[in-house]
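First to last, the protein sequences are chains W and X.
Read left to right, the first sequence gives residues 20 to 305 (the numbering used here).
Read left to right, the second sequence gives residues 590 to 753 (the numbering used here).
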Amino acid sequence: MTKTLRYAGLAVSVLALTAMAAGAQEVVDDQLVVNGEIPIVTEAPAPDYASALGTIRSGWTFRSEDTQMMQADDFDNPGMLGVEAARAAFNSEMGTGGESCASCHDDPESLSTVRGTYPKWDEEHGTVQTVEMQVQECQTERMGMEEPYGYNSTDMINMVALLSSVARGTPVNVAIDGPAEATWKQGEEMYYTRYGQLELSCANCHEDNYDNMIRADHLSQGQINAFPAYRLKDAALVSVQNRFRGCIRDTMGETFAVGSPEFVALELYVASRGNGLSVEGPSVRN
Amino acid sequence: MRHSTGLAALAIVFGTTFATATAFAETAPKDVAFDEYGEVAESLTGTAGDPESGAALMDRGKGNCIACHQVSDLSELPFQGDIGPSLDGAAGRWSEAQLRGIVVNAKNTFPDTMMPSFYHTGPYIRPGDGFTGKAPEGELPPILTAQAVEDVVAYLMTLTDEQN
């Protein structure tokens, strides 16, 4: 089946000509190719420790054709506005030393291997760090910022969207062994814990029932390779851990805080279940 | 309605003492008697369930049964889930006691089932205050009141036809 991108939205835009010139953007055989040039692996064999899934599938494969196509073209992907904002911030001075991210990292593209390998063990701090924690570390320890970006602030979500966008198409490949193993195990245990008054675990919905409908929602495998996700329902980019918070809330449970050690552990574990998929953020979701 | 919901919540806090001290002997969640197959033979309230109220409880914000189950009789409600089996013809497959047992606490009938326990008060792991994501203040009422369970069971008992 060949799905041809519709240009209806773009026809009224000044960008239309550029987009047309960029060539035939197509979603072929349910394959996601961003901007007609970045192939995204949306299905892959499950890693051993997630063998219950058989094949791991990006949340993209569960969405409607319209939503899927919005993500195939940066001009249609509203999440790219956050990426552009972060690109400007990347080059702006922050903190006391007059430095910008670019002072140490040239350009965001030089950080294209970051997103797929985080959360990651940090030797110096003796803990597993998410991308957000790493950004905060740079801001406080290297740039002299007293108030780094809030963990779930718009600035932070945009910055993570930027780091994801430059990593699109690279494999998710987080390490789960060595010093990260204890944290990974903690996350695994959380994944199978039945939280809240409804007593539902992540696995109840995303391992045992993906592809089924829960009321109006087509359940995916709950993969996080595509975060931050632009949620059409919220008209905003949503961070991984904010999504976790929403899912635990829906079990009639008390959530953990965004940025808590528990959610860092869960993020490492859930990320590892997507080892082999491509980094895909910022994605578009309903 | 408001009045009786309040009483039901109190009945949980004070357990049987409160229940026996009042005119209606409502069985508290922790006092429900299951047989070895998970059946609950006795009405929780002694008042016959109302199938019409039961049908309304199948929807969102209440029992939300159709989040997981398809029910042809309720086809006016959009987006019925398919996590559990269709409830069409449930009354032909199960007795009233079995259905009451399933709604009260399905885990006694289907070990480890995903189906939530609707007349149960824990212990839970990180229970929340409804859908706020916050910790509850004080003890949690069961998801459905005793009479609501009876109403849902009465409604399920009307689902005699296998449809498709």
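From the three backbone atoms N, C-alpha and C, an ideal C-beta is built for every residue, glycine too.
Please read all numbers here as calculations on a predicted model, not as lab measurements.
Name, in chain order, the residues that DSSP records as bridge partners for residue i.
| i | result |
| --- | --- |
| residue 297 of chain W | W:190 |
| residue 148 of chain W | W:139 |
| residue 52 of chain W | W:58 |
| residue 236 of chain W | W:233 |
| residue 64 of chain W | W:74 |
| residue 303 of chain W | W:249 |
| residue 256 of chain W | W:249 |
| residue 118 of chain W | W:113 |
| residue 214 of chain W | W:219, X:714 |
| residue 272 of chain W | X:716 |
Excluding five sequence neighbours on each side, which residues of the same chain lie with their C-beta closer than 6 Å to the C-beta of residue i?
| i | result |
| --- | --- |
| residue 216 of chain W | 271 |
| residue 266 of chain W | none |
| residue 611 of chain X | At residue 611 of chain X the pLDDT is 47, less than 50, meaning the model places this residue with poor confidence; the figure from the coordinates comes in the next sentence. Counting only Cβ-Cβ distances below 6 Å, and skipping sequence neighbours, we find nothing. |
| residue 177 of chain W | 101, 104, 105 |
| residue 289 of chain W | 243 |
| residue 154 of chain W | 178 |
| residue 294 of chain W | 66, 191, 192 |
| residue 141 of chain W | 148 |
| residue 40 of chain W | In this predicted model, residue 40 of chain W has a pLDDT of only 36, less than 50, meaning its place in the structure is not dependable; the value taken from the coordinates is given anyway. Same-chain partners within the cutoff: there are none. |
| residue 287 of chain W | 138, 147, 202, 203, 206 |
| residue 135 of chain W | 186, 189, 190, 191, 192, 298 |
| residue 292 of chain W | 69 |
Identify which residue in the options has its Cα closest to the Cα of residue i.
| i | options | result |
| --- | --- | --- |
| residue 235 of chain W | X:631, X:658, X:639, X:735 | X:658 |
| residue 663 of chain X | X:686, X:640, X:644 | X:644 |
| residue 720 of chain X | X:639, X:709, X:651, X:702 | X:651 |
| residue 738 of chain X | X:640, X:625, X:624, X:626 | X:640 |
| residue 704 of chain X | W:227, W:278, W:261 | W:227 |
| residue 90 of chain W | W:117, W:61, W:74 | W:61 |
| residue 700 of chain X | X:661, X:717, X:625, X:732 | X:625 |
| residue 727 of chain X | X:711, X:734, X:733, X:736 | X:711 |
| residue 175 of chain W | W:160, W:156, W:231 | W:156 |
| residue 263 of chain W | W:221, W:229, W:199 | W:221 |
| residue 49 of chain W | W:162, W:218, W:88 | W:88 |
| residue 258 of chain W | W:183, W:297, W:162 | W:183 |
| residue 254 of chain W | W:125, W:274, W:96 | W:96 |
| residue 277 of chain W | W:172, W:269, W:107 | W:172 |
| residue 618 of chain X | X:730, X:748, X:746 | X:730 |
| residue 224 of chain W | X:638, X:631, X:672 | X:672 |
| residue 615 of chain X | X:748, X:746, X:734 | X:734 |
| residue 75 of chain W | W:229, W:152, W:162 | W:229 |
| residue 162 of chain W | W:59, W:111, W:261, W:143 | W:111 |
| residue 748 of chain X | X:681, X:642, X:674 | X:681 |
| residue 219 of chain W | W:256, W:273, W:143 | W:273 |
| residue 233 of chain W | X:702, X:714, X:653 | X:653 |
| residue 98 of chain W | W:256, W:296, W:116, W:58 | W:256 |
Could you name the residues of the same chain whose beta carbon sits closer than 8 Å to that of residue i, not counting the 5 residues immediately before and after it, in chain order?
| i | result |
| --- | --- |
| residue 132 of chain W | 186, 189 |
| residue 42 of chain W | Bear in mind that a pLDDT of 38 at residue 42 of chain W, under 50, signals an unreliable position, so the number given afterwards is only what the model happens to contain. Excluding sequence neighbours, residue 42 of chain W sits near 55. |
| residue 86 of chain W | 251, 303, 304, 305 |
| residue 621 of chain X | 629, 633, 693, 694, 708 |
Leaving out five residues on either side along the sequence, give the residues of the same chain with a beta carbon under 7 Å from the beta carbon of residue i.
| i | result |
| --- | --- |
| residue 750 of chain X | 677, 678 |
| residue 164 of chain W | 113, 114, 158 |
| residue 628 of chain X | 686, 687, 690 |
| residue 655 of chain X | 647, 648, 663, 666, 669, 670 |
| residue 109 of chain W | 119, 120, 121, 127, 181 |
| residue 725 of chain X | 716, 717, 718 |
Q: Would you check if there are 3 or more beta carbon pairs closer than 8 Å linking the region 271-289 of chain W to the region 193-210 of chain W?
A: As far as the Cβ criterion goes, the region 271-289 of chain W touches the region 193-210 of chain W, which means the pair count is three or higher.
Q: Could you say if the region 728-742 of chain X and the region 290-304 of chain W meet the contact criterion of at least three C-beta pairs nearer than 8 Å?
A: Touching, no, given that fewer than three Cβ pairs across the two stretches are closer than 8 Å.
Q) Are there three or more Cβ pairs, one per stretch, closer than 8 Å when the region 68-76 of chain W is compared with the region 143-150 of chain W? A) Taking 8 Å as the limit for Cβ pairs, the verdict is that the region 143-150 of chain W does not touch the region 68-76 of chain W.
Q. Is the region 230-242 of chain W in contact with the region 68-87 of chain W, if contact means three or more CB pairs nearer than 8 Å?
A. By the C-beta criterion, the region 230-242 of chain W is judged to be in contact with the region 68-87 of chain W, since at least 3 inter-stretch pairs fall below 8 Å.
(Q) If we require 4 or more residues per run, which alpha helix (DSSP H) segments fall completely within the region 667-742 of chain X? (A) 679-682, 685-694
(Q) As an exercise, report each continuous alpha helix (DSSP H) stretch of at least 4 residues that is fully enclosed by the region 76-109 of chain W, in chain order. (A) 84-90, 98-109
Q) Contact between the region 242-251 of chain W and the region 679-696 of chain X: three or more CB pairs below 8 Å? A) no
**Q.** Inter-stretch contact (C-beta, 8 Å, three-pair minimum) for the region 185-205 of chain W and the region 159-173 of chain W
**A.** no
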